[in-house]
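A.B. asks: Supplied in structure tokens, the structure appears directly below.
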DNA sequence: TGATGGATATCAGAGCTCTGATATCCATCC
DNA sequence: GGATGGATATCAGAGCTCTGATATCCATCA
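Residue numbers (full-length UniProt numbering), protein chains in the order written: chain A, 1 to 141; chain B, 1 to 141.
See the structure below:
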């Protein structure tokens, strides 16, 4: 099997191009893609702890902690202890964080829209089904 | 557009599952996926400089330098100055590198094979075409 | 000959990502 | 009550990845 024939290569290339496009989109807002993803998850789930955000962003709690630390340093996120479980930290967007997120979101959504527009409804469903099968096969055992 | 509807999410998930499967496959050989990729490119292109390997592995020369440094430290790769251009460093697998690569390759090929077996010829071609269109759309400007 | 541009290489810095280990809190079970 | 297990959190370490900047070599062109 030659390298070029491998399905993995095509997936990796698409993912890299996706990251490059998204990265270029959110960079003017001073954000990285993982930072934008965290803000997106946070905007839809105010007060979520880091572990929850990690699950939403398909990453580990340790990685999410790293991302949140940078966002806190940028003044875009606040972390406050939960009232009942002092162990749990609730994360929330600051006002600056809201503004910065919306700025980045416009550009990021445009990328996803351009991608979606390149396919018919049927093709989109097909692509998602094929990728889902990849995930299923790769995840088993 | 909800997060779950985005094509990007499906691509990212497939790529992560692919990385997880490959990582688990090459770990017993003491390698990371990027290290394995570099060894694969090197086995097919003996003596290639880091810049060439970077292109083959879809990464940057700086990243490839990092990977090669780790591989040299592991004794799997040797770097020698080119005879004509003292500026250029030629990279070659050591004997240990050869052995370690073949060990990892068996497991990595099995992963790609399992993935390929999950699709008919037509489906494979379809998936690759759809992913290619993603890359094209995302790369343009 | 000298300047330009395209290769190569590397250093520096920031950020993301994982594995492994450890600590705390809380609900459940015995 | 005390033990267990599943959440949460974090520290430590290694590795990958990128951007930006800089240096060298060589072929080309004026």
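By construction, the Cβ of each residue, glycine as well, lies at the ideal position given by its N, Cα and C atoms.
Using only CA atoms, which one of 75/B, 84/B, 46/B and 38/B lies nearest to residue 64/B?
C.D. replies: Among 75/B, 84/B, 46/B and 38/B, the Cα nearest to that of residue 64/B belongs to 38/B.
A.B. asks: Alpha carbon to alpha carbon, how far is residue 130/A from residue 123/B? Give it in angstroms, no decimals.
C.D. replies: Cα to Cα, residue 123/B sits roughly 8 Å from residue 130/A.
A.B. asks: Counting C-beta neighbours from all protein chains within 10 Å, is the total for residue 18/A 16 or more, i.e. buried, or is it exposed?
C.D. replies: Flag for residue 18/A reads buried.
A.B. asks: In whole angstroms, what is the alpha-carbon distance linking residue 54/A and residue 34/A?
C.D. replies: Answer to the nearest angstrom: the Cα atoms are 11 Å apart.
A.B. asks: At a CB-CB cut-off below 8 Å, which residues of chain A make contact with residue 42/B?
C.D. replies: Per Cβ cutoff of 8 Å: no residues; residue 42/B is ~12 Å from chain A at best.
A.B. asks: Output the distance between the C-alpha atoms of residue 119/B and residue 132/B, rounded to the nearest integer angstrom.
C.D. replies: If I take the Cα positions, the gap works out to 17 Å.
A.B. asks: If you follow the beta strand (DSSP E) that residue 91/A is in, where does it begin and where does it stop?
C.D. replies: Where residue 91/A is concerned, the enclosing beta strand (DSSP E) stretches over 89-93.
A.B. asks: Inspect the CB distances between the region 70-82 of chain A and the region 8-16 of chain A and report whether three or more fall short of 8 Å.
C.D. replies: Too few Cβ pairs lie closer than 8 Å, so no.
A.B. asks: Using three-state DSSP, classify residue 6/B as helix, strand or coil.
C.D. replies: Residue 6/B falls in the coil class under three-state DSSP.
A.B. asks: At the level of alpha carbons, what is the spacing between residue 58/B and residue 52/B?
C.D. replies: Cα to Cα, the separation comes out at about 10 Å.
A.B. asks: Do you know whose CA, among 90/B, 74/B and 85/B, lies nearest residue 32/B's CA?
C.D. replies: Residue 32/B has its Cα closest to that of 74/B, out of 90/B, 74/B and 85/B.
A.B. asks: In three-state DSSP terms, what is residue 34/B?
C.D. replies: Here residue 34/B sits in helix by DSSP.
A.B. asks: To which residues of the same chain is residue 29/A closer than 6 Å at the C-beta, ignoring the five residues directly before and after it?
C.D. replies: Excluding sequence neighbours, residue 29/A sits near 100, 103 and 104.
A.B. asks: Using DSSP with H/G/I as helix, E/B as strand and the rest coil, what is residue 49/A?
C.D. replies: In the structure shown, residue 49/A sits in coil (DSSP, three-state: anything other than H, G, I, E or B).
A.B. asks: Ignore the nearest five residues each way along the sequence and tell me which others in residue 3/A's own chain have a CB closer than 6 Å to its CB.
C.D. replies: Because residue 3/A sits at a pLDDT of 47, beneath the cut-off of 50, its placement in the model cannot be relied upon, and the point is left open.
A.B. asks: Can you pull out the residues from the region 105-118 of chain A whose beta carbon lies closer than 7 Å to at least one beta carbon of chain B?
C.D. replies: For the region 105-118 of chain A, which is checked against every Cβ of chain B, the residues closer than 7 Å are 109, 112, 114, 115, 116 and 118.
A.B. asks: Closest by CA to residue 70/A, which one among 97/A, 44/A and 88/A?
C.D. replies: Of the candidates 97/A, 44/A and 88/A, the one whose C-alpha sits nearest the C-alpha of residue 70/A is 97/A.
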